[in-house]
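Undergrad: I am attaching a structure below and will ask some questions about it afterwards.
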Amino acid sequence: MKKFRRVISLALVLFLMLFQPSQIYANDIESIDIEAKLQDNGSVIITDHRVFNAQTGTEHFISIGNLGNSQIIDFKVFENDQQLQDIGEWNVNASFEEKAGKYGINDTGSELELCFGLGSYGRKEFTIQYTITNFIYNLTDGYQMFYWQFINPNMDYTNSINISVTTANGFKFEYPDTRMWGFGYKGTTSISQDALTMTTNGEFRTTDYMVMLSIMPANTFHTTNSLDRDSESMINQTMEGADLNGMTYEEYRTLQEKPHGIENNYDDYPVDYPDEPQYDSSPGSGFFSFAAPFIGINVGIIGLVIAIMFSVNRNSKPKHKVSESVKSGYYREIPYKGLFLDLEFLIDMPVSNIISAFILKWVEEGALVDDIEIVGIFTSREKLALKINKDSPPKFGSGLEETLWYMVVHAAGDDAILSEKEFNRYIRRNITVFNEWTEDITNRSRKLLAKHEFIKEEKYRVLGIFPSTRYVETPVGQKLIDNISMFKNYLKDFSLLDERPVSNVKLWNEYLIWAAILGISKEVYEQLKIVDPRIDEYMPYNYNTILLTTNFAHAAQLTQSNANSSSGSSFSGGGGSSFGGGGGGSFGGGSGGGTR
Numbered sequence: 000m001k002k003f004r005r006v007i008s009l010a011l012v013l014f015l016m017l018f019q020p021s022q023i024y025a026n027d028i029e030s031i032d033i034e035a036k037l038q039d040n041g042s043v044i045i046t047d048h049r050v051f052n053a054q055t056g057t058e059h060f061i062s063i064g065n066l067g068n069s070q071i072i073d074f075k076v077f078e079n080d081q082q083l084q085d086i087g088e089w090n091v092n093a094s095f096e097e098k099a100g101k102y103g104i105n106d107t108g109s110e111l112e113l114c115f116g117l118g119s120y121g122r123k124e125f126t127i128q129y130t131i132t133n134f135i136y137n138l139t140d141g142y143q144m145f146y147w148q149f150i151n152p153n154m155d156y157t158n159s160i161n162i163s164v165t166t167a168n169g170f171k172f173e174y175p176d177t178r179m180w181g182f183g184y185k186g187t188t189s190i191s192q193d194a195l196t197m198t199t200n201g202e203f204r205t206t207d208y209m210v211m212l213s214i215m216p217a218n219t220f221h222t223t224n225s226l227d228r229d230s231e232s233m234i235n236q237t238m239e240g241a242d243l244n245g246m247t248y249e250e251y252r253t254l255q256e257k258p259h260g261i262e263n264n265y266d267d268y269p270v271d272y273p274d275e276p277q278y279d280s281s282p283g284s285g286f287f288s289f290a291a292p293f294i295g296i297n298v299g300i301i302g303l304v305i306a307i308m309f310s311v312n313r314n315s316k317p318k319h320k321v322s323e324s325v326k327s328g329y330y331r332e333i334p335y336k337g338l339f340l341d342l343e344f345l346i347d348m349p350v351s352n353i354i355s356a357f358i359l360k361w362v363e364e365g366a367l368v369d370d371i372e373i374v375g376i377f378t379s380r381e382k383l384a385l386k387i388n389k390d391s392p393p394k395f396g397s398g399l400e401e402t403l404w405y406m407v408v409h410a411a412g413d414d415a416i417l418s419e420k421e422f423n424r425y426i427r428r429n430i431t432v433f434n435e436w437t438e439d440i441t442n443r444s445r446k447l448l449a450k451h452e453f454i455k456e457e458k459y460r461v462l463g464i465f466p467s468t469r470y471v472e473t474p475v476g477q478k479l480i481d482n483i484s485m486f487k488n489y490l491k492d493f494s495l496l497d498e499r500p501v502s503n504v505k506l507w508n509e510y511l512i513w514a515a516i517l518g519i520s521k522e523v524y525e526q527l528k529i530v531d532p533r534i535d536e537y538m539p540y541n542y543n544t545i546l547l548t549t550n551f552a553h554a555a556q557l558t559q560s561n562a563n564s565s566s567g568s569s570f571s572g573g574g575g576s577s578f579g580g581g582g583g584g585s586f587g588g589g590s591g592g593g594t595r
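With the first letter of the sequence shown counted as 1, position 510 gets the number 509 in numbering that gives the first Met the number 0; the numbers rise by one all the way through.
This is the structure:
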C-alpha cells in the first residue's frame, strides 16, 4: 500500500510539473488602457493608464522609436492622481531610492524611453501622458492618415490591452469615409462615431505588438505635415506579412472577384421555375404579418428617416406564422412540386439547410460520393469528405444550384475531394461571392413568390405617420405555409402512423431532401429506418452521412457568419478582427518596455 501511495504521489507531482504555466513572471502588466485624443492641429495627446506588478527592478519605461517628423512633448507621469517630479534627462543607472517619485526621458540614440521610478514593489498603478506632434499626415491623394505602433514587441508579459483613438475637434468616425486596420496581435478592431479601438483577446505574447493605420477624409485635421505616399500604397505596405485566418491581403483582393462564368441572372435559367404554382391545395387560412420595423428618430436625421419610410423594404420577409388550426395536423403529400429554393423567402430556410439538401441531392444523383475523413491528433473524430464524380455532373434545377456546385468543385482542388476545412476556407476567401449567392437566393424567391401571388406588397405607416411597404402572405401563400408545417409533422411522426407506404427509394429521397430543408433530416432518417430497417442497403447514403452532412453545412454557415463579422470587414478597413503580422514601417515603432 505504501509503495502504491508513493507511485501515486510521484505521478501527481509529475502531472503538476507537466501542466503548470510555462512561464512565471516576476514583473508583468495586468492591463494597459490608452486613449489617443487627436487634436485639430494634427497632434495627439496620449493618456496611458497601466496597472502592473513589480517584484524586481527600479523603474518602468515605454520605448518609442521611428518618430519621423514627430516630437514627444509635455511628458507627465501620475500616481494616485499626483504628478511625479520631472527631472528631464533620465539616468537609468540611478538607485531605486533616487528614482522614486521621479520621471524623465532617456535618449538611446535610436529610441526615446519614457521612464519613471517604481517607488515600491507590488501592484502599481500609473498614468502616463504625453503629446506627439505631427501625428496626422496629409497624403498625395487627398486623404489624411496616422500609422502608429502603440504597443511594442518584447515588452513584459501583458494580460489585457485596450487602445481607443478619439478626437478633440468633434469629428465623427464613420465607415467607409474613415477606415482603420489593426496589426500584430490577436484581437478585435472597431469603428464607432466616437472612437477607433483595438482590443486584445486573451494573452498578449511578448512577440506581439499593436499597430493602427487609419485613413480619413481630407481636411479633417488642420496640419501641413505631409507624406509623399497615397492611401493605397500605405495600405499595401501595412498588409505585407499580414494574415487573417490564413488569408493574405493579396489573396483577399484576388479571390473577392466574381468567379469566371458565373452570372447573377438566375431568372433566365432554362429549368428554373414552372409557369404555374406547383403545390397541392388544402383548406387553410390567410395571415397578414404586422412587423413594422422599429426606427428611432433623431431630429438631426429626420429627413433620412422619412426617405427610408417611403422606400420599399423588399428583403423584409413575411413572418410565416402557421395557422392555429393546423399546428398539430398532418399533410401526407410533398407540399410543393417546384424547386425548394423558390420558398426561401416564405419559410425559415437557413443556408445550412440549403447546403445539406443539395449535398443529399448530388449524392443521390451520383455527382458526389460521400466518404469519411478522420481528423484530430489527440482526439480523433469523423468528418464528411465528398468525392466529386466528374463523369456524372448534377442535374441542375437552377443557376443558383450550378453556382454552388462551381464553388464546391473549386474548393475541392486538384484531388476532387472536398473536406469541411477546404469548403470553409473557400467561403472565408470568397465571402463576397458566397454572400451574393445567398442574397440571390432570397431575391429570386421573393420575385417568384410575388409573381405567382404567394406574397404581396402591403402598404402601411410606421408610427402611424410614415408610409412604407412590406411583404405579407396571401391566402394562397398562407395555405402553402400551413401545408409545409403539417408535412413537417408528418415526416417527424412517420413511423407512428398507420398508413405507412411501402419502401420507395425515389420518394424517400425526396422526403430526406425536404427534411434537410426543414432541418430535421436526422430525425426523418431514423423514422424511415423504423419503417424499413434495411434502408441502408438501397439508399445512396446512411445515417452517418446524414449526420456528417448536417455538421458540414452548419460549419459552412458559421464560417460565413464569422467571415462577415471579421475578414471582409477587417480587410476593407471597417473593423472586425486584427491581423497577425503586418504593420511594418509604422511610426512610433520601438522594442521593449515594462519594468527593469
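All C-beta atoms in this analysis are idealised placements derived from N, C-alpha and C, irrespective of residue type, glycine included.
Measure the CB-CB distance between Glu112 and Phe60 and report whether it falls below 7 Å.
TA: Residue 112 sits at position 113 when you count from the first residue of the sequence shown. Residue 60 sits at position 61 when you count from the first residue of the sequence shown. A contact, by the Cβ cut-off of 7 Å.
Undergrad: Once DSSP output is grouped into helix, strand and coil, what is the label at Asp341?
TA: Counted from its first residue, the sequence shown places residue 341 at position 342. If DSSP states are grouped into helix, strand and coil, Asp341 belongs with the helices.
Undergrad: According to DSSP, simplified to helix, strand and coil, what is Pro466?
TA: The sequence position of residue 466 within the sequence shown is 467, counting from 1. Pro466 falls in the strand class under three-state DSSP.
Undergrad: Can you list, in chain order, the stretches of the beta strand (DSSP E) that have 3 or more residues and sit fully within the segment 168 to 232?
TA: List check, beta strand (DSSP E) in window: 178 to 182, 186 to 190, 195 to 199, 209 to 215.
Undergrad: May I ask you to report which of helix, strand or coil DSSP gives Met238?
TA: For this step, residue 238 is matched to residue 239 along the sequence shown. Of the three classes helix, strand and coil, the one that applies to Met238 here is helix, per DSSP.
Undergrad: Quick check: Gly87 and Gly100, are their CB atoms within less than 7 Å of each other?
TA: Within the sequence shown, the letter at position 88 stands for residue 87. Within the sequence shown, the letter at position 101 stands for residue 100. Their beta carbons are not under 7 Å apart, which means Gly87 does not touch Gly100 by this criterion.
Undergrad: For the alpha helix (DSSP H) containing Val475, list its first residue and its last residue.
TA: Mapped onto the sequence shown, residue 475 falls at position 476. From DSSP, the alpha helix (DSSP H) with Val475 extends over 474 to 491.
Undergrad: What residue range does the alpha helix (DSSP H) around Thr643 cover?
TA: An answer regarding residue 643 cannot be provided, because it is not within the stretch 0 to 595 covered by the chain.
Undergrad: Can you tell me whether Met348 is helix, strand or coil according to DSSP?
TA: The count along the sequence shown starts at 1 and reaches residue 348 at position 349. It is coil, neither helix nor strand.
Undergrad: In chain order, what residues of the same chain lie with their CB nearer than 8 Å to the CB of Phe344, ignoring the 5 residues before and after it?
TA: Locating residue 344 in the sequence shown gives position 345, where the first residue counts as 1. Once the five neighbours on either side are set aside, the close Cβ partners of Phe344 are Lys316, Pro317, Thr441, Ser444, Arg445, Leu448, Ile454, Tyr470.
Undergrad: Considering just the uninterrupted stretch of the alpha helix (DSSP H) at Asn423, what are its terminal residues?
TA: Working through the sequence shown from its first residue, we reach residue 423 at position 424. 419 to 428 is the extent of the alpha helix (DSSP H) around Asn423.
Undergrad: Report buried or exposed for Tyr537, applying the criterion of at least 16 other Cβ atoms within 10 angstroms of its Cβ.
TA: Position 538 of the sequence shown, counting from 1, holds the residue named residue 537. Exposed: under 16 other Cβ atoms inside 10 Å.
Undergrad: Specify the secondary structure class of Leu83 as computed by DSSP and reduced to three states.
TA: Looking up residue 83 in the sequence shown gives position 84. In this structure, Leu83 counts as coil in the three-state DSSP scheme.
Undergrad: Assuming Ile31 is part of the beta strand (DSSP E), what are its boundary residues?
TA: Stepping through the sequence shown from its first residue, residue 31 is reached at position 32. Ile31 -> beta strand (DSSP E) spans 27 to 37.
Undergrad: Work out the CA separation of Phe51 and Val91 for me, nearest whole Å.
TA: Numbered from its first residue, the sequence shown carries residue 91 at position 92. Numbered from its first residue, the sequence shown carries residue 51 at position 52. Computed Cα separation, rounded: 20 Å.
Undergrad: Which whole-angstrom value describes the C-beta separation of Trp89 and Phe586, a residue pair presumed to lie in contact below a C-beta threshold of 8 Å?
TA: The residue given as residue 89 occupies position 90 in the sequence shown. The residue given as residue 586 occupies position 587 in the sequence shown. At roughly 22 Å, the Cβ-Cβ gap does not stay under 8 Å, so Trp89 and Phe586 are not in contact.
Undergrad: So who's on the other strand from Glu88, going by DSSP bridges?
TA: Locating residue 88 in the sequence shown gives position 89, where the first residue counts as 1. According to DSSP, Glu88 bridges with Ile104.
Undergrad: Could you tell me which residues DSSP pairs with Glu78 in its beta bridges?
TA: Taking the sequence shown and counting its residues from 1, the one referred to as residue 78 is at position 79. Its beta-bridge partners are Gln81, Phe125.
Undergrad: Exposed or buried, which one is Ser225 when buried takes at least 16 other CB atoms within 10 Å?
TA: Position 226 of the sequence shown holds residue 225. Result: exposed.
Undergrad: Answer yes or no: do Gly181 and Met154 have a C-beta to C-beta separation smaller than 7 Å?
TA: If you number the sequence shown from 1, residue 181 lands on position 182. If you number the sequence shown from 1, residue 154 lands on position 155. No, the Cβ-Cβ distance between Gly181 and Met154 is not below 7 Å.
Undergrad: Ends of the alpha helix (DSSP H) at Ile529?
TA: Translated into positions along the sequence shown, residue 529 becomes position 530. Its alpha helix (DSSP H) spans residues 520 to 530.
Undergrad: Pick from Gln556, Thr196, Arg331: whose alpha carbon is nearest that of Leu490?
TA: As a working note, residue 490 is residue 491 in the sequence shown. Checking every option, the nearest Cα to that of Leu490 belongs to Arg331.
Undergrad: Specify, as a first and last residue, the run of the alpha helix (DSSP H) that His451 falls within.
TA: Residue numbering aside, residue 451 sits at position 452 when the sequence shown is read from its first letter. First-last for His451: undefined, no H or E at that position.
Undergrad: Do the segment 172 to 186 and the segment 572 to 579 touch if we need at least three Cβ pairs shorter than 8 Å?
TA: Yes, since at least three Cβ pairs between the segment 172 to 186 and the segment 572 to 579 fall closer than 8 Å, the two stretches touch.
Undergrad: What does Phe149 pair with, by DSSP beta-bridge criteria?
TA: Within the sequence shown, the letter at position 150 stands for residue 149. Answer is none; Phe149 lacks a bridge partner.
Undergrad: Would you mind stating whether Val362 and Met485 have Cβ atoms separated by less than 7 Å?
TA: For the purposes of this step, residue 362 is identified with residue 363 of the sequence shown, where counting begins at 1. For the purposes of this step, residue 485 is identified with residue 486 of the sequence shown, where counting begins at 1. Contact flag unset, no.
Undergrad: Could you pull the start and end residues of the alpha helix (DSSP H) that Ile516 belongs to?
TA: The sequence position of residue 516 within the sequence shown is 517, counting from 1. From DSSP, the alpha helix (DSSP H) with Ile516 extends over 504 to 516.
Undergrad: With respect to the beta strand (DSSP E) encompassing Val407, which residues constitute its N-terminal and C-terminal limits?
TA: Within the sequence shown, numbered from 1, the residue matching residue 407 stands at position 408. No beta strand (DSSP E) contains Val407, which is instead part of the alpha helix (DSSP H) from 398 to 411.
Undergrad: What do you get for Val504, buried or exposed, if any count of 16 or more other CB atoms within 10 angstroms of its CB means buried?
TA: Numbered from 1 along the sequence shown, position 505 holds the residue referred to as residue 504. The residue in question, Val504, is exposed, as its Cβ has fewer than 16 Cβ neighbours within 10 Å.
Undergrad: Hey, could you find the ends of the beta strand (DSSP E) Glu97 is sitting in?
TA: What you label residue 97 is simply residue 98 of the sequence shown in a count that begins at 1. Run containing Glu97: none in the beta strand (DSSP E); it sits in the alpha helix (DSSP H), 95 to 98.
Undergrad: If I follow the unbroken alpha helix (DSSP H) through Asp535, where does it start and stop?
TA: For the purposes of this step, residue 535 is identified with residue 536 of the sequence shown, where counting begins at 1. Note, Asp535: alpha helix (DSSP H), 534 to 537.
Undergrad: Take Ala384 and list the residues in its own chain whose beta-carbon comes closer than 6 Å to its own, dropping the five residues that flank it on each side.
TA: Stepping through the sequence shown from its first residue, residue 384 is reached at position 385. Correct list, in chain order: Asp370, Glu372, Ile416, Ser418.
Undergrad: Could you tell me if Lys123 is buried or exposed, where buried requires 16 or more neighbouring beta carbons within 10 angstroms of its beta carbon?
TA: Residue 123 sits at position 124 when you count from the first residue of the sequence shown. Buried: at least 16 other Cβ atoms inside 10 Å.
Undergrad: So what's Thr549 in DSSP terms, helix, strand or just coil?
TA: Here residue 549 is taken as the residue at index 550 of the sequence shown, counted from 1. Thr549: helix per DSSP, three-state reduction.
Undergrad: Buried or exposed, going by whether 16 or more other CB atoms sit within 10 Å of the CB of His451?
TA: For this step, residue 451 is matched to residue 452 along the sequence shown. So His451 ends up on the buried side.
Undergrad: Using three-state DSSP, classify Tyr335 as helix, strand or coil.
TA: Stepping through the sequence shown from its first residue, residue 335 is reached at position 336. In this structure, Tyr335 counts as strand in the three-state DSSP scheme.
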